[in-house]
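A.B. asks: Take a look at the following structure, please.
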Amino acid sequence: MVRVLMDEVVETDYGQLDLWFSDDAEDDGDIEATFSGQVNGVAGAAVPGWIYLNLGRRSGGSAVRIEAHDGVIPCGAEWEDVVEVSTVVGEQGDCGWTSWAGESGGRFVLPPGPHRVRVCARGRDAGDADELADGTVDFYLVQLWPAPVEADAILRVGSRNAAYWHETWGSSR
Numbered sequence: 037m038v039r040v041l042m043d044e045v046v047e048t049d050y051g052q053l054d055l056w057f058s059d060d061a062e063d064d065g066d067i068e069a070t071f072s073g074q075v076n077g078v079a080g081a082a083v084p085g086w087i088y089l090n091l092g093r094r095s096g097g098s099a100v101r102i103e104a105h106d107g108v109i110p111c112g113a114e115w116e117d118v119v120e121v122s123t124v125v126g127e128q129g130d131c132g133w134t135s136w137a138g139e140s141g142g143r144f145v146l147p148p149g150p151h152r153v154r155v156c157a158r159g160r161d162a163g164d165a166d167e168l169a170d171g172t173v174d175f176y177l178v179q180l181w182p183a184p185v186e187a188d189a190i191l192r193v194g195s196r197n198a199a200y201w202h203e204t205w206g207s208s209r
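In terms of my numbering, the sequence shown is residues 37 to 209.
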């Protein structure tokens with residue numbers, strides 16, 4: 037069963053979209069700490085209860101959909117770039133998302149405990165090439181399901197943009 041937690045075009049800046057999984061989770065702005073020990077450079081999950089999503093488009097609107105699932109599901113072939121990370125949802129189950137500088141955001145609820153988070157993307161290169169393009173050019177699907185914590189993983193790299201960020205912020209820094 038799928039539960040849609042958010043589905044909208046997010047206006048952001050600096051290509052940053054943050055997901056938080058506890059009311060007391062905080063990002064101190066240390067980007068290197070966010071990706072510490074990870075191989076991927078797209079979804080920084082090294083700060084407990086916080087995931088920094090690095091979008092392809094620096095500014096403007098990016099389509100983002102967040103889904104909760106009961107368990108792992110197959111990854112669609114339409115997605116060029118796919119990574120997975122883990123997080124732990126706090127006792128209250130309070131979670132949410134916010135764009136850079138809190139320009140927009142929302143809340144959702146998940147069952148407490150460890151979750152796997154898959155971030156799928158397409159159009160990262162188009163978003164990187166023309167951040168001022170009319171309309172939406174990059175698309176993101178975030179899928180969450182209860183699962184034990186495990187190391188992050190790069191499942192698919194199809195864009196130059198994701199490859200760049202994996203090399204820049206990932207590679208087990």
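A virtual CB, placed ideally from N, CA and C, is assigned to each residue, including glycine.
Is it true that the CB of residue 197 sits closer than 9 Å to the CB of residue 171?
C.D. replies: Mapped onto the sequence shown, residue 171 falls at position 135. Mapped onto the sequence shown, residue 197 falls at position 161. Contact flag unset, no.
A.B. asks: Starting from residue 67 and walking both ways along the alpha helix (DSSP H), at which residues does that stretch end?
C.D. replies: Here residue 67 is taken as the residue at index 31 of the sequence shown, counted from 1. Its alpha helix (DSSP H) spans residues 67-70.
A.B. asks: Beta carbon of residue 74, beta carbon of residue 121: below 9 Å?
C.D. replies: Here residue 74 refers to the residue found at position 38 of the sequence shown. Here residue 121 refers to the residue found at position 85 of the sequence shown. Yes, the pair counts as a contact, with Cβ atoms nearer than the cut-off.
A.B. asks: For residue 154, does the three-state DSSP call read helix, strand or coil?
C.D. replies: Working through the sequence shown from its first residue, we reach residue 154 at position 118. Looking at residue 154 - three-state DSSP - the assignment turns out to be strand.
A.B. asks: Do the region 139-147 and the region 83-97 meet, that is, are 3 or more Cβ pairs less than 8 Å apart?
C.D. replies: Too few Cβ pairs lie closer than 8 Å, so no.
A.B. asks: Could you have a look at residue 162 and say whether DSSP puts it in helix, strand or coil?
C.D. replies: Position 126 of the sequence shown, counted from the start, is the residue given in the question as residue 162. The answer is helix: DSSP assigns residue 162 an H, G or I state.
A.B. asks: For residue 206, is the classification buried or exposed, using 16 other Cβ atoms within 10 angstroms of its Cβ as the cut-off for buried?
C.D. replies: One-based indexing of the sequence shown puts residue 206 at position 170. The residue in question, residue 206, is buried, as its Cβ has 16 or more Cβ neighbours within 10 Å.
A.B. asks: Under the three-state reduction of DSSP, which class applies to residue 114: helix, strand or coil?
C.D. replies: Numbered from 1 along the sequence shown, position 78 holds the residue referred to as residue 114. Three-state result, residue 114: coil.
A.B. asks: Using the Cα positions of residue 90 and residue 174, report the straight-line distance between them to the nearest angstrom.
C.D. replies: Within the sequence shown, numbered from 1, the residue matching residue 90 stands at position 54. Within the sequence shown, numbered from 1, the residue matching residue 174 stands at position 138. Each residue's alpha carbon lies about 12 Å from the other.
A.B. asks: My assumption, with CB atoms under 8 Å, is that residue 160 sits in contact with residue 92. Please give the rounded CB distance.
C.D. replies: Position 124 of the sequence shown, counted from the start, is the residue given in the question as residue 160. Position 56 of the sequence shown, counted from the start, is the residue given in the question as residue 92. About 3 Å separates the two Cβ atoms, so the contact holds.
A.B. asks: What would DSSP say about residue 197, mapped onto helix, strand or coil?
C.D. replies: The residue given as residue 197 occupies position 161 in the sequence shown. In this structure, residue 197 counts as helix in the three-state DSSP scheme.
A.B. asks: Compute the Euclidean distance between the alpha carbons of residue 158 and residue 45, then round it to the nearest angstrom.
C.D. replies: In the sequence shown, residue 158 corresponds to position 122, counting from 1. In the sequence shown, residue 45 corresponds to position 9, counting from 1. Roughly 14 Å between the two C-alpha positions.
A.B. asks: Within 10 angstroms of its Cβ, does residue 25 collect 16 or more other Cβ (buried), or is it exposed?
C.D. replies: Here the chain comprises residues numbered 37 to 209, so residue 25 is not present and cannot be evaluated.
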